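Worksheet: the structure to be examined is printed underneath.
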Amino acid sequence: MRGKLPFALSKEQSFYEGLGDWIGDVFYDILPEKGFELRDEQIYMAFQVLKSFQDKKVMFAEAGVGTGKTLVYLLYALAYARYTGKPAIIACADETLIEQIVKKEGDIKKIEQALNLEVDVRLAKSREQYLCLQKLESEMLEEDKFMDIFNTLPEFVHGKSSMTKYHRYGDRKEYSGLSDTEWEAVGWDNLQDCMSCAQRHRCGQTLNRDYYREAADLIVVSHDFYMEHIWTKESRVREGQLPLLPQASSVIFDEGHLLEFASQKALTYRIRKETLESLLEKMTASDMRENTMYLIEDIINQNDYWFQCLNEAANKDENAFRLHVDKTESVKEEGRKLVGLIDKLTEELVFESEMYVMDEYLLKVIEEYLEQILYSLKLFLEENKGINWLETNKGNDTLVIMPRLVEEILRQKVFNQKIPFVFSSATLSNNKDFSYLANSLGIDQYESFSVESPFDYEENMKIDIPALTSGLSEEKLQYCLEKIEENEGKTLLLFSSKRDLEIFKGYLQDKNLPYPVYYEGDEEISLAVERFQNERNSVLCSYHLWEGLDIPGDSLSQVLIYSLPFPPKDPVFDAKRNHAENPFEEVDLPYMLLRLKQGLGRLIRTSEDKGRVSILLEENEKHLLPQIKSVLPY
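So the sequence shown is numbered by UniProt numbering: it starts at 1 and just counts up by one.
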């Protein structure tokens with residue numbers, strides 16, 4: 001249901017004239033009266049963003065920390081959503097950050113209180129953030145925690161009450177006490193076949209999707225989920241399903257410099273060893289010609305042998321989830337054989353369909369899946385056409401193929417829509433040049449501006465780059481412990497990897513600190529952030545929260561950067577390195593400096609905040625001091 005506009009329009013005014021007047025009133029009069037700071041940078045940004053909504057164009061809004069950019073884009077998105085009758089989509093960098101925007105101390109609550117508004121904002125989380133009933137039923141006898149979850153499910157899930165009375169359930173946040181590892185055992189994953197699931201109409205994921213689709217004002221998603229919506233929209237409509245997200249009035253990409261990777265991730269093709277086999281075995285239950293039966297048997301055998309070749313050619317790094325696959329002659333030859341056999345089967349299925357002995361829906365599903373596999377295999381077998389890796393999970397092998405360049409797809413499926421798109425971040429340009437980001441995302445026309453942070457960093461932020469004598473792990477661990485004790489907690493530790501975090505966690509086990517330490521992965525991340533913010537002398541350890549974390553006040557007065565945030569050694573970044581003349585200078589160093597700059601921005605969130613940042617360097621990293629100092633705020 002469309003809400004009322006937050007301002008009155010006279011008969012002589014257009015909507016955009018009224019919008020501009022209202023924005024001026026909000027920032028010059030209403031917010032200062034409510035105790036908000038009047039910031040010239042924020043007001044400048046506010047009137048620049050108006051162009052994006054008036055002209056329905058892409059806007060790169062580069063604004064430093066403390067500008068108040070979130071408040072600006074939320075006001076525009078809210079007003080425009082009510083004007084058009086369609087919700088605005090706010091896309092955050094990842095799933096760890098979408099709860100931040102609706103927290104009790106967040107900007108939406110501030111808008112509601114200051115402007116006396118009720119904002120209908122709903123979270124649309126990725127499918128991995130919801131409970132899977134099938135997985136829960138298979139795991140609940142193994143762990144008491146899982147049995148407790150099963151026993152607390154709504155009655156209609158167990159079939160004990162009418163489906164005319166139901167409510168939402170199954171959000172990861174409802175089971176915040178589960179560690180990430182425990183959640184993986186019962187949460188949805190991409191190996192689940194929801195279309196054939198008998199419980200899909202009672203599924204929490206389905207009910208949550210029905211709920212957020214009815215949002216009147218704002219829907220908050222991750223970049224990944226928005227791009228999955230774009231990528232699956234046509235196929236879902238073709239199959240008689242609703243798209244993952246409703247039509248939007250505008251789209252805001254918060255931390256928009258990270259959209260390219262999310263786009264690549266969403267546009268991946270996944271070939272799971274067991275999926276092809278199980279689909280083809282379903283076919284054999286139908287009456288079909290003997291030639292087709294033999295061909296199916298050959299494909300199943302060849303598929304099994306090809307995955308065996310992939311495993312033999314995979315780089316067996318025990319710390320890596322993504323296994324790089326060397327395209328050996330054996331891998332390519334067996335892959336081509338599989339392509340040939342599947343090509344033959346698609347031809348045979350034309351004849352089978354004319355005999356009307358197979359289930360029509362099953363035949364359609366199989367034909368579409370075979371077309372996808374053929375496209376994926378050919379992309380894999382062609383040189384330099386994609387990025388690929390092998391994932392292994394409890395014996396289930398999945399080959400993942402990711403397109404290298406996504407700009408053409410984004411140009412056609414996203415940025416040709418005549419709606420406002422706003423990219424918001426402190427790091428969108430290279431010295432005010434936005435062309436690199438625009439080109440990588442297929443954006444041909446755009447508006448842009450840059451605004452510096454209003455904060456006095458030299459006065460309020462002290463930066464240490466300690467001269468550790470050895471740079472060894474033990475010395476870094478001891479340094480961090482001493483700094484935490486000196487500061488009496490109130491510390492955020494940022495790690496470049498989960499492994500580094502686990503090392504630090506092990507080091508603190510017998511130290512008996514007098515204040516709580518929260519680790520990413522031990523519980524649902526937004527709960528850990530909430531605890532850290534509300535418990536003044538606590539410590540938060542994370543390898544994800546380099547961006548977007550907003551903890552103003554005394555709860556966070558120290559940031560310890562345990563390790564420089566270089567990109568991982570995985571196939572995605574290896575592909576970028578392989579296509580660079582100087583991989584370190586063109587890939588690793590820019591990525592690290594960008595994340596480092598974002599990490600520094602976690603400390604000072606208001607003009608009243610003060611604190612200290614320490615950047616710990618390994619011995620072999622000290623030559624990078626000039627580059628590191630170039631991104632420091634003073």
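For each residue, glycine too, the CB sits at the ideal point set by N, CA and C.
From a predicted model like this one, the values you see are computed outputs, not experimental measurements.
Next on the checklist: Taking only three categories from DSSP, how would you classify Met288?
Outcome noted: coil
Checklist entry - What's the call for Gln445, buried or exposed, on a 16-neighbour Cβ count within 10 Å? => result exposed
Item to check | Range covered by the alpha helix (DSSP H) that runs through Cys480 | outcome: 473-486
Next on the checklist: Measuring only the C-alpha atoms, how far is Leu549 from Asp500?
Outcome noted: If you take the alpha carbons of Leu549 and Asp500, they lie about 20 Å apart.
Checklist entry - Apart from the five residues just before and just after Ser557, which ones in its own chain have a Cβ nearer than 6 Å to its Cβ? => result Lys490, Gly611
Checklist entry - Given that a residue counts as buried once 16 or more other Cβ atoms are within 10 Å of its Cβ, and exposed if not, what is Leu97? => result buried
Next on the checklist: Between which two residues does the alpha helix (DSSP H) holding Phe573 run?
Outcome noted: 571-578
Next on the checklist: Pop quiz: Ser542 and Glu523 are said to be a contact at Cβ under 8 Å. What is the actual Cβ separation, rounded to whole angstroms?
Outcome noted: So it is not a contact: roughly 12 Å between Cβ atoms.
Checklist entry - Measuring CA to CA, which of Glu608, Phe421, Ile463 is closest to Val631? => result Closest option to Val631, judged by alpha-carbon separation, among Glu608, Phe421, Ile463: Ile463.
Next on the checklist: Rounded to whole angstroms, what is the Cα-Cα separation between Ser497 and Gln308?
Outcome noted: 30 Å
Checklist entry - For chain B, is any of its Cβ atoms less than 8 Å away from the one on Val26? => result The structure shown contains no chain B, having only a single protein chain.
Checklist entry - Would you call the CB atoms of Glu41 and Ser425 closer than 8 Å? => result no
Item to check | Neighbourhood of Ser263 by C-beta, 7 Å cutoff - its chain only, sequence neighbours within 5 removed | outcome: Counting only Cβ-Cβ distances below 7 Å, and skipping sequence neighbours, we find Met227, Val406, Leu410.
Next on the checklist: So, for Glu408: in the same chain, excluding its five sequence neighbours on each side, which residues have a beta-carbon less than 7 Å away from its beta-carbon?
Outcome noted: Gly442
Checklist entry - In whole angstroms, what separates the C-alpha of Lys109 from that of Asp144? => result 38 Å
Checklist entry - Relative to the alpha-carbon of Glu174, which residue among Gln205, Tyr83, Cys197, Glu17 has its alpha-carbon at the smallest distance? => result Glu174 has its Cα closest to that of Gln205, out of Gln205, Tyr83, Cys197, Glu17.
Checklist entry - Would a C-beta distance cut-off of 8 Å place Gly64 and Ser448 closer than the cut-off? => result no
Checklist entry - To which residues of the same chain is Ala466 closer than 7 Å at the C-beta, ignoring the five residues directly before and after it? => result Going by the sequence as given, residue 466 is Pro instead of Ala. Excluding positions up to five away in sequence, the list reads Tyr479, Ser614, Leu616.
Checklist entry - Is Ala314 near Leu218, with beta carbons less than 8 Å apart? => result no
Checklist entry - Under a Cβ-count criterion, where at least 16 other Cβ atoms within 10 Å of its own Cβ denotes burial, should Glu99 be classed as buried or exposed? => result buried
Next on the checklist: Between the alpha carbons of Leu338 and Thr284, how many angstroms are there, rounded?
Outcome noted: 19 Å
Checklist entry - Apart from the five residues just before and just after Arg168, which ones in its own chain have a Cβ nearer than 6 Å to its Cβ? => result Leu207, Asn208, Tyr211
Item to check | Start and end residues, alpha helix (DSSP H) containing Phe261 | outcome: 259-266
Checklist entry - Which whole-angstrom value is the C-beta distance of Arg322 and Leu381, which I expect to be below 8 Å? => result Rounded, the Cβ-Cβ distance is 19 Å, inconsistent with contact.
Checklist entry - The alpha helix (DSSP H) with Gln42 in it runs from where to where? => result 40-55
Next on the checklist: Please state whether the Cβ-Cβ distance between Glu348 and Leu295 is less than 8 Å.
Outcome noted: Their beta carbons are under 8 Å apart, which means Glu348 touches Leu295 by this criterion.
Checklist entry - Whose CA, out of Lys56, Glu214, Leu258, lies closest to the CA of Pro246? => result Glu214
Checklist entry - For Ser496, does the three-state DSSP call read helix, strand or coil? => result coil
Item to check | Three-pair Cβ contact test at 8 Å for the segment 250-260 versus the segment 412-428 | outcome: yes
Next on the checklist: Going by C-alpha to C-alpha distance, which of Gly18, Gly66, Val26, Leu31 sits closest to Phe53?
Outcome noted: In this structure, Gly18 is the residue among Gly18, Gly66, Val26, Leu31 with its C-alpha nearest to the C-alpha of Phe53.
Checklist entry - From what residue to what residue does the alpha helix (DSSP H) around Tyr269 run? => result Looking at the DSSP string, Tyr269 is not in any alpha helix (DSSP H); the run it does join, the beta strand (DSSP E), is 269-272.
Next on the checklist: My output table needs one value for Leu22: the three-state DSSP class, helix, strand or coil.
Outcome noted: Inspection of the sequence shows that residue 22 is occupied by Trp rather than by Leu. Helix at Trp22.
Checklist entry - Do you know offhand how far Lys332's Cα is from Trp389's? => result 14 Å
Checklist entry - Can you find at least 3 beta carbon pairs, one from the segment 219-239 and one from the segment 25-43, that sit closer than 8 Å? => result no
Next on the checklist: Can you tell me which residues form a DSSP beta bridge with Gly187?
Outcome noted: Leu131
Next on the checklist: Going by beta-carbon coordinates alone, are Ser249 and Tyr80 separated by less than 8 Å?
Outcome noted: yes
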